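Top to bottom, those sequences are chains A and B.
Quick note on this note's numbering: the first sequence kicks off at -7 and runs consecutively.
Quick note on this note's numbering: the second sequence kicks off at 267 and runs consecutively.
Below is one structure, written out as structure tokens; comments come after it.
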Amino acid sequence: MPILPTTKTPPKPSLSDLTVLWYGQTKIGKSQTCAQAEGAVFLATEPGLNALEVFQAPILSWEDLLAACAEIGEGKHPFKTVVIDTIDNAYKFCTDYILRKYKVEHESDLAYGKGYAIVNNEFQRVLTKLAFLPYGLYLISHAKEIEVETRTGRYTRIVPTLPEKARKIVLGMVDMVLYCDLDVSTGADGEPLIRRVIRTKPSLYYEAGDRTGRLPETIELDYRKFLEAFQAAGAPAKPQAGPKQAK
Amino acid sequence: MASAPIVSTYSMWSLFRNCRKAAELRYLQHLVPIERDRNLHFGSLIHECLELWHRQRDLALVLDLIDRRCAARAQDEDQKRDWHLATAMMRAYTERYAEEKFEIVALEHVFEGPIVNPATGAASRSFRLAGKVDGIVRIGGEYFILEHKTASQIDCDYLERLWTDFQITLYAHYVEQTLGIPITGIFYNILVKARLQQSKGETEEEFEARRAELLAKSKTGRTTARRREPESDDDFQQRLAEKYADPAMFHRERLYLSREQFDILRAELWELTQAFLDARRRGVFYQNTSFCFNYQRPCPYFALCRSNGNPNVIENFYQRVEPNEELRVLAAGASESAF
């Protein structure tokens, strides 16, 4: 059977086809927001979903995650969106799995940094395979501050809590990087007004991005508002940046 | 109307030769990583110091420059490390080379010239070549390009490799063309980076753990072990000074260039320009995956290539900066505008 395509793939029109990274401070409402996604099933790598009524599979190891992914891949279920909550813990499980497999205590125990590379390759392999499935893939992460030294000085940046190399892998494969934040403004009465928002465009001070180009810069942290904003834009709001070979 | 030729540099041709994709990302898309490479900071600092020293021959000015470039050393460990190393290195260098056998002709000399087709002698309408040499010196009646280098160690391989230095041979050719000075060869001025680290001492817990270990091994059940204190700045400077008293920490090497080398180089450079134009015309800049981990670290564009050019990666990890930053001229010690 020929493997080469005969038609172009259309842009993914539905949120449940996309891979999205959600990150933000603890208890801001990331899981709650993702729980409202169509046909969401949580692969819960950490406790914290007790207050939510969701379909969840507790994941206690990388093997558990692989088994759950295999079952999802078979397609004998009603779910449409897979939520890994949190991807940070999934990465830790992946690390533990590799350490056990190679019978070492730390990644650095394998010569020439090989341990780190094996962990990252396994992590990327599984996420890529999951992203190819015909379901939405939502990855949840916490936020941390790091100091970045640039050509013009040092500044503090908010980024997902994944280790640096894993962060670059995840950011490189997702369609959206959504930073859940608190937006402080002054209300009509002069009092501070605090809103929970999703930031969708990158800044010097946090990581974010939307390669579909459909989302406005800031949206209220509410899945319905997010869905409305995504669907309101029939076509990309901006041309896609990036090299010509971009997928 | 024909557009003005692109001003190219050695860095551009070198990158294009190593990986066409990386050259496209840097020189056509103008992308550079947001985070600065720490390894480049020390090299730039020493180049500035050497320029100032060879211009003024005043150690106090050099040390003042290091102080200012590492102004945040009290809070910043990287700057503190650079400050210690640069201070000790320049103190020892100025003592070692208090008297020079060469005469400085020019320092931080910027040049620009045409790239010529060796077959026809016609200049390229698409590219010119620009660059900056650390200096030009006269030894006896001969002129040499002065090239400063900092190295982790100087061994046989390192010195052998100097012969393959495409950049400096190219620069020699252009200096000869633009200044009309016959260049005999290259004068390499190599400074070795000491690998010493300032001791941080040990915490109470670390000391107790070490003490317990020693006690367990002791036949008398006693130990004279004391908690290691952090090494003071003065003590560390002293230790570095002792290290730099070793003559092997500095090395100078003269290489002579042949006219044949210039001819080979001009031909190679012309070929590179034609390959670049062809790649740009067809919009094909392929990756050289053998180069992704050159120098035992990932290429600055590795994350972007791995993501197949995902805009999220571009927007979060890269910024757009005009190419040829190395050609910006700012004299060492030049004071910046107060307002």
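Positions of the beta carbon are idealized from the N, C-alpha and C atoms, including for glycine.
All of these numbers come straight from a predicted model, not from anything done at the bench.
ask   = Can you give the Cα-Cα distance for residue 189 of chain A and residue 117 of chain A, rounded to whole angstroms?
value = Position 197 of the first sequence, counted from the first residue, corresponds to residue 189 of chain A. Position 125 of the first sequence, counted from the first residue, corresponds to residue 117 of chain A. One Cα belongs to residue 189 of chain A, the other to residue 117 of chain A, and the distance between them is close to 32 Å.
request  = In the DSSP assignment, find the beta strand (DSSP E) that holds residue 395 of chain B and state where it starts and stops.
outcome  = What you label residue 395 of chain B is simply residue 129 of the second sequence in a count that begins at 1. Taken as a continuous stretch (DSSP letters only), the beta strand (DSSP E) holding residue 395 of chain B covers 389 to 405.
message = Using a Cβ-Cβ distance cut-off of 8 Å, determine whether residue 578 of chain B contacts chain D.
response = Note that chain D does not occur in the displayed structure, where the protein chains are A and B.
key: Validate contact between the segment 555 to 566 of chain B and the segment 275 to 287 of chain B using beta carbons, cut 8 Å, 3 pairs   = Between the segment 555 to 566 of chain B and the segment 275 to 287 of chain B there are three or more C-beta pairs closer than 8 Å, enough to call the two in contact.
ask   = Which residue from A/121, A/143, A/152, A/48 puts its Cα closest to that of residue 134 of chain A?
value = Within the first sequence, residue 134 of chain A is the residue found at index 142, counting from 1. For residue 134 of chain A, the nearest C-alpha among the options comes from A/152.
message = In whole angstroms, give me the CA-to-CA distance for residue 182 of chain A and residue 89 of chain A.
response = Translated into positions along the first sequence, residue 182 of chain A becomes position 190. Translated into positions along the first sequence, residue 89 of chain A becomes position 97. Roughly 54 Å between the two C-alpha positions.
task = Would you mind sorting residue 274 of chain B into buried or exposed? The rule is 16 or more other CB atoms within 10 Å of its CB.
result = Within the second sequence, the letter at position 8 stands for residue 274 of chain B. Residue 274 of chain B is buried by the Cβ-count criterion.
task = Leaving out five residues on either side along the sequence, give the residues of the same chain with a beta carbon under 6 Å from the beta carbon of residue 289 of chain B.
result = On the second sequence, position 23 is the one that residue 289 of chain B refers to. Cβ neighbours of residue 289 of chain B beyond the five flanking positions: 281, 282.
query = Would DSSP call residue 97 of chain A helix, strand or coil?
reply = As a position in the first sequence, residue 97 of chain A is number 105, starting the count at 1. Correct three-state label for residue 97 of chain A: coil.
request  = Can you grab the Cα-Cα spacing for the pair residue 547 of chain B / residue 57 of chain A, in whole Å?
outcome  = Within the second sequence, numbered from 1, the residue matching residue 547 of chain B stands at position 281. Within the first sequence, numbered from 1, the residue matching residue 57 of chain A stands at position 65. Approximately 47 Å between the Cα atoms of the pair.
ask   = Taking the C-alpha atoms as reference points, what is the distance between residue 596 of chain B and residue 375 of chain B?
value = Residue mapping note: residue 596 of chain B aligns to position 330 of the second sequence, counting from 1. Residue mapping note: residue 375 of chain B aligns to position 109 of the second sequence, counting from 1. Only weak support exists for where residue 596 of chain B lies, its pLDDT of 40 falling under 50; the value from the coordinates is given anyway. Taking the straight line from one Cα to the other gives about 11 Å.
query = Any Cβ of chain A within less than 8 Å of the Cβ of residue 335 of chain B?
reply = Walking along the second sequence from the start, residue 335 of chain B turns up at place 69. Using beta-carbon distances, residue 335 of chain B does not count as an interface residue toward chain A, since no partner is under 8 Å.
query = Taking Cβ-Cβ distances below 8 Å as the criterion, which residues of the segment 150 to 163 of chain A are in contact with chain B?
reply = Of all residues in the segment 150 to 163 of chain A, the ones placed with a Cβ closer than 8 Å to any Cβ belonging to chain B are 160, 161, 163, in chain order.
request  = Please report how far the alpha carbon of residue 27 of chain A lies from the alpha carbon of residue 67 of chain A, in whole angstroms.
outcome  = Walking along the first sequence from the start, residue 27 of chain A turns up at place 35. Walking along the first sequence from the start, residue 67 of chain A turns up at place 75. Cα to Cα, the separation comes out at about 20 Å.
request  = Could you list which residues in chain A have their beta carbon closer than 8 Å to that of residue 301 of chain B, in chain order?
outcome  = Locating residue 301 of chain B in the second sequence gives position 35, where the first residue counts as 1. Ordered by position in chain A, the residues that pass the 8 Å Cβ test against residue 301 of chain B are 140, 141, 142.
message = DSSP three-state label for residue 349 of chain B, please.
response = Here residue 349 of chain B refers to the residue found at position 83 when the second sequence is read from its first residue. In the structure shown, residue 349 of chain B sits in a helix (DSSP, three-state: H, G or I).
key: the ligand PLP heavy atom lying under 7 Å from the CB of residue 56 of chain A   = Although the ligand PLP was asked about, the structure shown includes no ligands whatsoever.
message = Quick check: the Cα distance between residue 575 of chain B and residue 8 of chain A, rounded to an integer number of angstroms?
response = The count along the second sequence starts at 1 and reaches residue 575 of chain B at position 309. The count along the first sequence starts at 1 and reaches residue 8 of chain A at position 16. When rounded, the distance between both Cα atoms is 22 Å.
inquiry  = Quick check: the Cα distance between residue 556 of chain B and residue 570 of chain B, rounded to an integer number of angstroms?
reply    = Locating residue 556 of chain B in the second sequence gives position 290, counting from the first residue. Locating residue 570 of chain B in the second sequence gives position 304, counting from the first residue. Taking the straight line joining both Cα atoms gives about 16 Å.
CA-to-CA distance, residue 328 of chain B to residue 321 of chain B, given in whole angstroms = To locate residue 321 of chain B, count along the second sequence from 1; it is residue 55. To locate residue 328 of chain B, count along the second sequence from 1; it is residue 62. Looking at the two C-alpha atoms, the distance is approximately 11 Å.
task = Decide if the segment 446 to 456 of chain B is in contact with the segment 403 to 421 of chain B; the criterion is three or more beta carbon pairs, one per stretch, under 8 Å apart.
result = A contact exists between the segment 446 to 456 of chain B and the segment 403 to 421 of chain B.
task = Could you tell me whether any Cβ in chain A is nearer than 8 Å to the Cβ of residue 581 of chain B?
result = Here residue 581 of chain B corresponds to residue number 315 of the second sequence, with the count starting at 1. Yes - at least one Cβ of chain A is within 8 Å of the one on residue 581 of chain B.
query = Do you know offhand how far residue 525 of chain B's Cα is from residue 533 of chain B's?
reply = By one-based count along the second sequence, residue 525 of chain B stands at place 259. By one-based count along the second sequence, residue 533 of chain B stands at place 267. Cα to Cα, residue 525 of chain B sits roughly 13 Å from residue 533 of chain B.
request  = Using a Cβ-Cβ cut-off of 8 Å, state whether residue 21 of chain A counts as contacting chain B.
outcome  = Here the question's residue 21 of chain A lines up with position 29 in the first sequence. No, its Cβ sits nowhere closer than 8 Å to a Cβ of chain B.
inquiry  = For residue 295 of chain B, count the other beta carbons within 10 Å of its own beta carbon; 16 or more makes it buried, fewer makes it exposed. Which is it?
reply    = Counting from 1 along the second sequence, the entry for residue 295 of chain B is found at position 29. Under this definition residue 295 of chain B is a buried residue.
message = Which residues in chain A have a C-beta closer than 7 Å to the C-beta of residue 572 of chain B? List them in chain order.
response = The residue you call residue 572 of chain B lines up with position 306 of the second sequence. Correct list: 164.
task = Determine whether the Cβ of residue 197 of chain A lies closer than 8 Å to any Cβ atom of chain B.
result = Taking the first sequence and counting its residues from 1, the one referred to as residue 197 of chain A is at position 205. It does not: the Cβ of residue 197 of chain A has no partner Cβ on chain B nearer than 8 Å.
query = When DSSP builds the beta bridges, which residues end up paired with residue 130 of chain A?
reply = Within the first sequence, residue 130 of chain A is the residue found at index 138, counting from 1. A/12, A/75, per the DSSP bridge assignment.
Partners in chain A for residue 289 of chain B, counting only beta-carbon separations shorter than 8 Å = Along the second sequence, one-based indexing puts residue 289 of chain B at 23. For residue 289 of chain B, no chain A residue has a Cβ inside 8 Å of its Cβ, as the nearest lies near 12 Å away.
task = Please list the segments of the alpha helix (DSSP H) lying wholly inside the segment 35 to 87 of chain A, counting only runs of 4 or more residues, in order along the chain.
result = The alpha helix (DSSP H) runs of length 4 or more contained entirely in the segment 35 to 87 of chain A are, from start to end of the chain, 54 to 66.
ask   = Does any CB atom of chain B fall closer than 8 Å to the CB of residue -6 of chain A?
value = As a working note, residue -6 of chain A is residue 2 in the first sequence. No, residue -6 of chain A lies away from the interface with chain B (no Cβ there is under 8 Å from its Cβ).
Short-range partners of chain B found in the segment 167 to 196 of chain A, where Cβ spacing is below 9 Å = Contact residues of the segment 167 to 196 of chain A toward chain B are 167, 168, 169, 193, 194, 196 (C-beta to C-beta distance below 9 Å).
key: CA nearest to the CA of residue 271 of chain B, picked from B/307, B/428, B/379   = Taking the first residue of the second sequence as position 1, residue 271 of chain B is located at position 5. By alpha-carbon distance to residue 271 of chain B, the top candidate from B/307, B/428, B/379 is B/379.
task = Note down, in chain order, every chain A residue with its Cβ under 9 Å from the Cβ of residue 569 of chain B.
result = Taking the first residue of the second sequence as 1, we reach residue 569 of chain B at position 303. Taking the beta carbon of residue 569 of chain B as reference, the chain A residues within 9 Å of it are 157, 160, 161, 163, 164, listed in sequence order.
query = For residue 253 of chain A, does the count of other Cβ atoms within 10 angstroms reach 16, so buried, or fall short, so exposed?
reply = Residue coverage of chain A in this structure runs from -7 to 239, which leaves residue 253 of chain A outside it and unanswerable.
request  = Kindly list the residues whose CB is nearer than 7 Å to the CB of residue 500 of chain B, restricted to its own chain and excluding five residues on each side of it in sequence; keep chain order.
outcome  = Along the second sequence, one-based indexing puts residue 500 of chain B at 234. Correct list: empty, nothing qualifies.
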